[in-house]
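Just below is one structure, and these are the notes that go with it.
Protein chains: 2
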Amino acid sequence: MHERRIRFRSIWVVFAAVSFAFVVGVRAEEPIKPLLEEIEVNTKKLMLGRMLFHDPRLSKNNTTSCHSCHNLGSGGDDGRETFIGIGGEPGDINTPTVFNSDFNFKQFWDGRANTVEDLINTHVQSPTYLGSSWPGIVSKLYQHESYPSRFKAIYPDGIHHKNIRNALGEFIRSLTTPNSRFDQYLEGDDTALSTLEKRGYALFKSYGCVSCHQGVNVGGSMFRVFGAVNDYFKNRGNITDADLGRYNVTRKAADRHVFKVPSLRMAALTQPYLHDGSATTLRDAVDVMFEFQLGREAPDEDKEEIVLFIKALLGESTDLSP
Amino acid sequence: MHERRIRFRSIWVVFAAVSFAFVVGVRAEEPIKPLLEEIEVNTKKLMLGRMLFHDPRLSKNNTTSCHSCHNLGSGGDDGRETFIGIGGEPGDINTPTVFNSDFNFKQFWDGRANTVEDLINTHVQSPTYLGSSWPGIVSKLYQHESYPSRFKAIYPDGIHHKNIRNALGEFIRSLTTPNSRFDQYLEGDDTALSTLEKRGYALFKSYGCVSCHQGVNVGGSMFRVFGAVNDYFKNRGNITDADLGRYNVTRKAADRHVFKVPSLRMAALTQPYLHDGSATTLRDAVDVMFEFQLGREAPDEDKEEIVLFIKALLGESTDLSP
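The listed protein sequences derive, respectively, from chains G and E. Each residue of the first sequence is one higher than the one before, counting from 1 in our numbering. Each residue of the second sequence is one higher than the one before, counting from 1 in our numbering.
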């Protein structure tokens, strides 16, 4: 996980490339694509963004940073069923990983933000997340010993809310997990996956999981109703606002219980699962998918092989954090 | 891994017991037995032993502690093919995990020590390990700000080499990994293992792995010649002293290439494998075992299921280290 750190150099950074694999031997016909290993990053912005990511000054009461819920050392999430808000109260939805965010077509479970910068804007100002305001943050950062000069060195207008989002966005875009064993397999290395993992991938496709979990992020490319075949919410005592999903954004009846299909790339590290955090293990999540999304039964070994495939999606973290 | 810490209390400690499982539902007929969860530990000795375990004063040049090679945060070994000696030179043999040492019938790959205290004695004085002497260590510890009073509080004769071994031994005996999912299964919980892991265990028995890797430590209970069916050393360029195994202790021809069968309980965390560290992954090690110990072929999926079973042997660490 650390090797990548030494690749950062000078102002502009290019992650070591295996993009030649697109020319030689890549399985171009597959519904899942490898993560790009080449990302251009402005390291000055990235290091400033990293500092902001870990800074609780972004929260109203100086208690909570982005990193509080998106722990980069443990998969980019918080390991909880639902997040803990700035007041210490439990939130209403499971924290997705921050890794590979920029590869999602929209942000949040309900897709309410289009870009990483929008996502930051919403987090900062939401009363349940950071409960803050941009003028309040700008004012706090101007009192800091090094933020004023760091911002000025990059942005002529210094500490400005759009510059905060820009630097944070640069850092978040840099958080990717390339070179998973599955990606190595996609790029032509047949030995990168075990026989059981290959079986798992074949089953992932043949059972139809791949119809939603596809593309570069193995998810994150479409909305789907949760409970496509059987009603997931039927036997639930109460339906929360969070359970309504995309409906909260569009107010269309057809969007009730519609969610962005989550990426599976970090699933090996980001239990519990589902928007409500109700699936404790990957196997539990697979069970729920078979029951409510596919409406099918499957032998235990098939589901276990699918879990082995999903775990092989875990790549190398590009996080620079200690 | 941390939950167990809070169970330490007062002078005498009893790890939370599931020993009643021996009465209800335990699979008593199985060739592998669960690790004991009840261990009596004198916490004063244990905390002193823990301090000594991490203290480089035990090495001749103050560079190396027990923890240098037996890293408790990463499986109790060093993750290298062979250990690094006090002079920085590569050693001749792979470092076994320190966890569950006391459950081995003898210590070291060649069984040259009978008890944990003997093992400490050998490590301290061996030129390639700590290169130290007991008088030298005792003298250094007497100059320490707290060792003299700590020893005196436990041992009437203060800092004495046998007391150093006693305290270190107490700590090392406390380093166990109970409550693995496999142990839970042995104790009657059928849901603790997946279908593939159960298959792996059945294959582990039917292929004959269990004829050597058996008992409470899934190994550590007998010597066996490495290359029982095919000659492992035939195509090796040079045979090292370490390759001679038990022969180094007995000087009997029949003990050439004879080694203590290693425990598999920590195998999930202690790559690389084998006495020479030549097997990079668990799958590599299983391949070697099939070729040289069993002389059999097996389908990939059988070997992969055996690996899944071995990984399910990983228990909860009782280490108190931060």
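Glycine included, every Cβ here is placed at the ideal spot set by N, Cα and C.
For a contact meaning CB atoms closer than 9 Å, what does residue i contact in chain E?
i, result
"G:L196", "L196, D300, E301, E304, E305 and L308"
In this structure, how does DSSP classify residue i when only helix, strand and coil are distinguished?
i, result
"G:Y232", "coil"
"E:K33", "coil"
"G:V24", "Here G:V24 scores only 47 on pLDDT, less than 50, and its place in the model is too uncertain to base an answer on."
"G:G219", "coil"
"G:Y142", "helix"
"G:G200", "helix"
"E:N71", "strand"
"G:Y323", "Residue 323 of chain G cannot be examined here, being either before or after the span of chain G that is shown, 1 to 322."
"E:A267", "helix"
"G:A312", "coil"
"G:A298", "coil"
"E:T64", "coil"
"E:S317", "coil"
"G:S211", "helix"
"G:F99", "coil"
"G:L119", "helix"
"G:T191", "helix"
"G:P148", "helix"
"E:P56", "helix"
"E:P341", "Residue 341 of chain E cannot be examined here, being either before or after the span of chain E that is shown, 1 to 322."
"E:S132", "coil"
"E:E304", "helix"
What residue does the alpha helix (DSSP H) around residue i start on, and which one ends it?
i, result
"E:R50", "T43 to F53"
"G:K162", "H161 to S174"
"G:V288", "L282 to V288"
"G:D243", "D241 to L244"
"G:D78", "Here G:D78 belongs to no alpha helix (DSSP H), and DSSP marks it neither H nor E."
"E:V249", "Y247 to T250"
"G:L186", "R181 to L186"
"G:P156", "It is not in any alpha helix (DSSP H) - G:P156 carries neither H nor E in the DSSP assignment."
According to DSSP, residue i sits in a beta bridge with which residue or residues?
i, result
"G:A113", "G:Q107"
"G:P90", "G:I84"
"E:A279", "E:Y273"
For the beta strand (DSSP E) containing residue i, name the first residue and the last one.
i, result
"G:V225", "F223 to V225"
"E:K260", "V258 to K260"
Return yes when at least one heavy atom of the ligand ADP lies under 6 Å from the C-beta of residue i, else no.
i, result
"E:K234", "You won't find the ligand ADP in this model; it holds no ligand whatsoever."
Residue i CB to nearest chain A CB: under 7 Å?
i, result
"G:N121", "Protein chains in the displayed structure are G and E, and chain A is not among them."
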